[in-house]
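Under mature numbering (1 follows the signal peptide of the UniProt record, and there is no 0), read the sequence shown as residues -23 to -1, 1 to 292, first letter to last.
Beta carbons are placed, not taken as given, at the ideal position from N, Cα and C, and that holds for glycine.
Each remark here refers to the structure printed beneath this line.
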Amino acid sequence: MKTASFGLGAITAVLIAIGGMTAAPAPSRAATVDIAVIVNNVPVTNDDIRRRAALLRVMGEKGDLNKKAREDMIDQALKQSEIAFRGMSVTTADVDQYYQGFAKANHMTTAQLTQAMNQIGVGEAHFKYYIAITLSWQRIVAARYGQSSTLTDSQFIPQLETLEKEGKKPETTEYQLKRIVFVVPEAQRNSLLAKRKREAEQARPKFPGCDGAITFAAGMNDVTVVDVGRYLEPQLPEPWAKSLKGAKGDTGSVFTTPAGAEFLAICAKSVANDDYTARLLLSQKEDVSMEDRKNESETYLKELRDKAQIVTPSK
């Protein structure tokens, strides 16, 4: 099922709608908040859906907004799970900065923007959640597909055949990776992050290899291991690429993320030169159309939906 999908540019419609409102009351809300659906252990409440329906309404979406909002929130939860798994979330500071910039660009203070969001029934927290997921998802899609549009068979095959005849088939490095995360709770980030980064840097030379990663993490406080699988070098998120450039042995350099301080463990490293790799490398270019990126996002999201656990609680 095709769900509503909006980039941040579409939010301009929110301000247009707000501009025509003077004292319109926020939509009435139920006294209780119930879980409407659970997506990969992420709960989506009826209040989430109401707020998303309000956002879709001012964006100009038509039709059954409650149904579309439910599907949109399922997509958001899928994205949230994948963003957390990949460790590619933007920070709270990033979201606050965008929120402030958005208000300023529309000649409002942040207090006025918050008041407007409350007035239309969306609310500051829900709008910031939308911003956070949208910005983070842009990162993760760009990291997966690169700054490129995938060549069609008619474009790719002739190029590949020519290169194979010349013995120049494209190749790149493939990594199998784990994230070793020294967790820092958001509420303690300012006081703990520097300490946890030092601990990660001290532990890194002692890393015993991927087979011993779980035991290694268990011997320290609040350290977790995330198996992120295989990545071709052009698909590495920028922080990972920088970390691996500073690799010593089988670990990358320490860097910080919203989850805390972490380093990458290199479980395997090999040369990839199959047809998928060749297509990826030959497709690379600087300009990616919005339509290309939208199609890539929808493909990625469909993959996540196909393997997701989506449960509607019984009443």
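Where residue 145 sits in the DSSP three-state scheme: For this step, residue 145 is matched to residue 168 along the sequence shown. DSSP places residue 145 in coil when its eight states are reduced to three.
(Q) If contacts are defined as beta-carbon pairs under 8 Å, then residue 14 and residue 287 qualify, I think. What distance do you get, rounded to the angstrom? (A) Taking the first residue of the sequence shown as position 1, residue 14 is located at position 37. Taking the first residue of the sequence shown as position 1, residue 287 is located at position 310. So it is a contact: roughly 6 Å between Cβ atoms.
_Nearest neighbour of residue 88, chosen from 77, 98, 222 [CA to CA]_ = The residue labelled residue 88 in the question sits at position 111 within the sequence shown. Closest option to residue 88, Cα to Cα, is 77.
ask   = Considering only residues of the same chain and omitting the five flanking positions on each side of residue 235, which have a CB-CB separation below 6 Å?
value = On the sequence shown, residue 235 is found 258 positions in, with the first residue counted as 1. Within the same chain, residue 235 has close Cβ partners 66, 68.
Any idea what DSSP makes of residue 286, helix, strand or coil?
As a working note, residue 286 is residue 309 in the sequence shown. Residue state, collapsed to three classes: coil.
Neighbourhood of residue 47 by C-beta distance below 6 Å, restricted to the same chain and skipping five residues each side = For this step, residue 47 is matched to residue 70 along the sequence shown. Once the five neighbours on either side are set aside, the close Cβ partners of residue 47 are 26.
For residue 213, which three-state DSSP category applies?
Along the sequence shown, read from residue 1 onward, the residue named residue 213 stands at position 236. Coil, per DSSP.
Checklist entry - Quick one: Cα of residue 222 to Cα of residue 216, how far? => result Along the sequence shown, one-based indexing puts residue 222 at 245. Along the sequence shown, one-based indexing puts residue 216 at 239. Each residue's alpha carbon lies about 10 Å from the other.
Checklist entry - CB residue 228 to CB residue 159, shorter than 8 Å? => result Position 251 of the sequence shown holds residue 228. Position 182 of the sequence shown holds residue 159. Going by C-beta atoms, residue 228 is not nearer than 8 Å to residue 159.
* Does the distance from the C-beta atom of residue 101 to that of residue 248 stay below 8 Å? -> Looking up residue 101 in the sequence shown gives position 124. Looking up residue 248 in the sequence shown gives position 271. Going by C-beta atoms, residue 101 is not nearer than 8 Å to residue 248.
C-alpha gap between residue 138 and residue 61, whole angstroms | Counting from one through the sequence shown, the residue named residue 138 turns up at place 161. Counting from one through the sequence shown, the residue named residue 61 turns up at place 84. C-alpha separation (whole angstroms): 40 Å.
- Report, in whole angstroms, the separation of the C-beta atoms of residue 250 and residue 146, which I expect to be a contact under 8 Å. Along the sequence shown, read from residue 1 onward, the residue named residue 250 stands at position 273. Along the sequence shown, read from residue 1 onward, the residue named residue 146 stands at position 169. Contact flag correct, Cβ pair sits at about 6 Å.
Measuring alpha carbon to alpha carbon, tell me which of 150, 168, 79 ends up nearest residue 104. For the purposes of this step, residue 104 is taken as residue 127 along the sequence shown, with counting starting at 1. Residue 104 has its Cα closest to that of 79, out of 150, 168, 79.
Original post:
For residue 70 versus residue 161, is the C-beta spacing smaller than 8 Å?
Top reply: Within the sequence shown, residue 70 is the residue found at index 93, counting from 1. Within the sequence shown, residue 161 is the residue found at index 184, counting from 1. No, these two residues do not count as a Cβ contact at 8 Å.
- Query: Taking contact to mean at least 3 C-beta pairs separated by less than 8 Å, is the segment 149 to 158 in contact with the segment 194 to 209?
  - Reply: yes
Return the chain-ordered ranges of every beta strand (DSSP E) run that is complete within the segment 45 to 109 and spans a minimum of 3 residues.
-> none
query = Pick from 35, 56, 49: whose alpha carbon is nearest that of residue 281?
reply = For the purposes of this step, residue 281 is taken as the residue at position 304 of the sequence shown. Selected option, being the one with the closest Cα: 56.
Original post:
For residue 18, which residues from the same chain have a beta carbon less than 7 Å from its beta carbon, with the 5 sequence-adjacent residues on both sides left out?
Top reply: Position 41 of the sequence shown, counted from the first residue, corresponds to residue 18. For residue 18, where only same-chain residues beyond five positions count, there are no Cβ hits under 7 Å.
| Cβ shell of residue 32 (< 6 Å), same chain only, five flanking positions each side left out | Along the sequence shown, read from residue 1 onward, the residue named residue 32 stands at position 55. Closer than 6 Å at the Cβ level, and outside the excluded window around residue 32, lie 99.
Quick check on this structure: which residue in 51, 29, 11, 246 has the alpha carbon closest to the alpha carbon of residue 278? The sequence position of residue 278 within the sequence shown is 301, counting from 1. It is 51 whose Cα lies nearest to the Cα of residue 278.
message: The beta strand (DSSP E) that contains residue 238, what's its start and end?
response: Counted from its first residue, the sequence shown places residue 238 at position 261. Run containing residue 238: 237 to 249, per the beta strand (DSSP E) assignment.
Practice prompt. Excluding the 5 residues preceding and the 5 following residue 290 in the sequence, name in chain order all residues of the same chain whose CB lies nearer than 6 Å to its CB.
Written response: As a first step, residue 290 must be located in the sequence shown, where it is residue number 313. So the list reads 12, once near-sequence residues are dropped.
Buried or exposed (CB count within 10 angstroms, at least 16 for buried), residue 110: Walking along the sequence shown from the start, residue 110 turns up at place 133. Buried: at least 16 other Cβ atoms inside 10 Å.
To the nearest angstrom, report how far apart residue 64 and residue 156 are at their CA atoms. Here the question's residue 64 lines up with position 87 in the sequence shown. Here the question's residue 156 lines up with position 179 in the sequence shown. The straight-line gap from Cα to Cα measures roughly 9 Å.
State the start and end residues of the unbroken beta strand (DSSP E) segment that holds residue 21. By 1-based counting over the sequence shown, the position of residue 21 is 44. First-last of the beta strand (DSSP E) with residue 21: 19 to 22.
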